[in-house]
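Asker: First the structure, then my questions, so here it is.
In this note's numbering, the protein residues as written are 46 to 446.
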């Protein structure tokens, strides 16, 4: 015997809970089905740029995220070997310019903030999706625990290894990028001030790799995340234990501040980066994918979660505007796909620039204003999902199809 609901969200991570809040802001009460036995985010930090903050505010969680977000002064970029200054991205000026702040969060704090506004009775834990049955007027969700749920509308927010996506498109597996990530967390009090001066948010770039370190939780923790080109296969997954000595060896001849930072690492994790080819396969009929389930991307523009938050609000807006869910989802894809594909291309371009082998050419390009470790992000941060939810997006030629 199947139970029923009007709107089902598969996945209780950041994308799914953001969508639940956005839908509730328009009077739509979704049911959330999460595979894990409890809500929780693996991994350390996540960032939300101004346009994503606008989407979250409009979804009704502005106060909740402000309470747990850390306001970074901006990213200060140095050469990994020499320590030379390369570029500064002033986030306080960005906040003034775009009308919303740039926050850094501990992922668990952000998830808790998103969950705090929801009815916990509508969040069903221990529900791992095993498959689905599509009908013209409903979808039957079949869970591994034996539950069957009939839903008029299904939103797949179940991540890069999405079961909803697999049910729709078969073996559409994400592909390994040839890049891997190291991640570590340190106590803020253990990191000497000079290591992260002058802004507390430092990025080091070098041949084939980069490393970023910044404060979260009101400077109580320092998040370290790296990325490097590699010819080795590295499994996907947030929790693969790494070897701190191997991590240090990945960054040879580091300048003194970076060397000190790496010397403090006693535990780390590593994983391979996987993305999907740019695809129109985001859903069909009454089923829609959002976030990583639709468009997993490289982290080099800091937009993975941000684009999921845009998705959440704009999807809710279309469902509120259209009586037919299939029409709402078709409009959502029409508006979202060109923008998200542009952001994916920006992420790829940023990775190439950060990892340039010729350090002098890289510095000259930045000095001349021809290149940036951040790429051209004005069109990303300057977007207003609240006012432009139904407008064709503007994507610079460099990042357009």
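Note that CB positions come from ideal geometry on N, CA and C, so glycine has one too.
Remember, predicted model here, so these are calculated numbers, not experimental data.
Nearest by alpha-carbon distance to residue 308: which of 237, 335 and 419 is it?
Answerer: Measuring from the Cα of residue 308, the nearest candidate turns out to be 237.
Asker: Please classify residue 83 as buried or exposed, where buried requires at least 16 neighbouring CB atoms within 10 angstroms.
Answerer: The residue is exposed, with fewer than 16 neighbouring Cβ atoms inside 10 Å.
Asker: Just to confirm before moving on: does the CB-CB distance between residue 318 and residue 340 stay below 9 angstroms?
Answerer: Contact flag unset, no.
Asker: Whole angstroms is fine: what's the gap from residue 393's alpha carbon to residue 426's?
Answerer: Rounded to whole angstroms, residue 393 to residue 426 spans 17 angstroms at the Cα level.
Asker: What span of residues does the beta strand (DSSP E) with residue 332 cover, start to end?
Answerer: Start and end: 332-334.
Asker: Considering residue 327, what are the terminal residues of the beta strand (DSSP E) in which it resides?
Answerer: First-last for residue 327: undefined, no H or E at that position.
Asker: Quick check on DSSP: helix, strand or coil for residue 84?
Answerer: Note: residue 84 maps to coil in three-state DSSP.
Asker: Considering only residues of the region 107-173, which uninterrupted beta strand (DSSP E) runs meet the minimum length of 3 residues and lie entirely inside it, listed in chain order?
Answerer: Here the runs fully enclosed are 119-124, 130-135 and 148-151.
Asker: Which runs of the alpha helix (DSSP H), 4 residues or longer, sit entirely within the region 355-418?
Answerer: Correct list: 370-399 and 404-412.
Asker: CA-CA distance, residue 350 and residue 356?
Answerer: Going from the Cα of residue 350 to the Cα of residue 356 covers about 10 angstroms.
Asker: Who are residue 296's beta bridge partners in DSSP?
Answerer: DSSP lists no partner for residue 296.
Asker: Run through DSSP, which three-state label would residue 291 get?
Answerer: Looking at residue 291 - three-state DSSP - the assignment turns out to be helix.
Asker: With DSSP as the reference, please indicate the residues paired to residue 320 in a beta bridge.
Answerer: 220.
Asker: Going along the chain, which residues of its own chain have a beta-carbon closer than 6 angstroms to the beta-carbon of residue 189, five neighbours each way excluded?
Answerer: 173 and 175, listed in sequence order.
Asker: Taking 9 angstroms as the threshold (C-beta atoms), are residue 266 and residue 245 in contact?
Answerer: Their beta carbons are not under 9 angstroms apart, which means residue 245 does not touch residue 266 by this criterion.
Asker: Counting pairs of beta carbons, one from the region 143-162 and one from the region 87-102, are three or more of them closer than 8 angstroms?
Answerer: Yes, the region 143-162 is in contact with the region 87-102.
Asker: Who pairs with residue 272 in a beta bridge, going by DSSP?
Answerer: Per DSSP, 255.
Asker: Are there three or more Cβ pairs, one per stretch, closer than 8 angstroms when the region 363-383 is compared with the region 121-132?
Answerer: Cβ pair count under 8 angstroms is below three, so no.
Asker: Within 10 Å of its beta-carbon, does residue 391 have 16 or more other beta-carbons around it, so buried, or fewer, so exposed?
Answerer: Result: buried.
Asker: Going by C-alpha distance, which of 417, 441, 429 and 161 is nearest residue 103?
Answerer: Nearest option by C-alpha distance: 429.
Asker: Would residue 277 be called buried (16 or more neighbouring beta carbons within 10 Å of its own) or exposed?
Answerer: Exposed.
Asker: Just checking my contact of residue 199 with residue 208 at CB under 8 angstroms: how many whole Å lie between their CB atoms?
Answerer: The pair is not a contact, with the Cβ atoms about 11 angstroms apart (cut-off 8 angstroms).
Asker: What is the rounded straight-line gap between the Cα of residue 57 and the Cα of residue 403?
Answerer: Spanning the two alpha carbons is a distance of roughly 43 angstroms.
Asker: Contact defined as beta carbons within less than 8 angstroms: I believe residue 360 pairs with residue 109. What is the distance between those atoms, to the nearest angstrom?
Answerer: Incorrect: roughly 20 angstroms between the Cβ atoms, too far for contact.
Asker: Are there 16 or more other CB atoms within 10 angstroms of the CB of residue 260, so buried, or fewer, so exposed?
Answerer: So residue 260 ends up on the buried side.
Asker: State the beta-bridge partners of residue 52 as determined by DSSP.
Answerer: The partner list for residue 52 (beta bridge, DSSP) reads 198.
Asker: Measuring alpha carbon to alpha carbon, tell me which of 79, 78, 230 and 269 ends up nearest residue 247.
Answerer: When each option's Cα is compared against that of residue 247, the closest is 269.
Asker: Can the beta-carbon of residue 179 be found less than 9 angstroms from the beta-carbon of residue 335?
Answerer: For residue 179 and residue 335, no; Cβs fall outside 9 angstroms.
Asker: Within 10 angstroms of the Cβ of residue 203, are there 16 or more other Cβ atoms? Answer buried if so, exposed if not.
Answerer: Counting Cβ neighbours within 10 Å, residue 203 comes out buried, since at least 16 surround it.
Asker: Nearest CA to the CA of residue 418: which residue from 271, 442, 362 and 250?
Answerer: When only C-alpha atoms are compared, the closest one is 250.
Asker: Using a threshold of 9 angstroms, state whether the C-beta atoms of residue 100 and residue 358 are closer than that.
Answerer: Yes, they are a contact pair.
Asker: Which word fits residue 438, buried or exposed, when buried means at least 16 other C-beta atoms lie within 10 angstroms of its C-beta?
Answerer: When all chains shown are included, residue 438 counts as buried.
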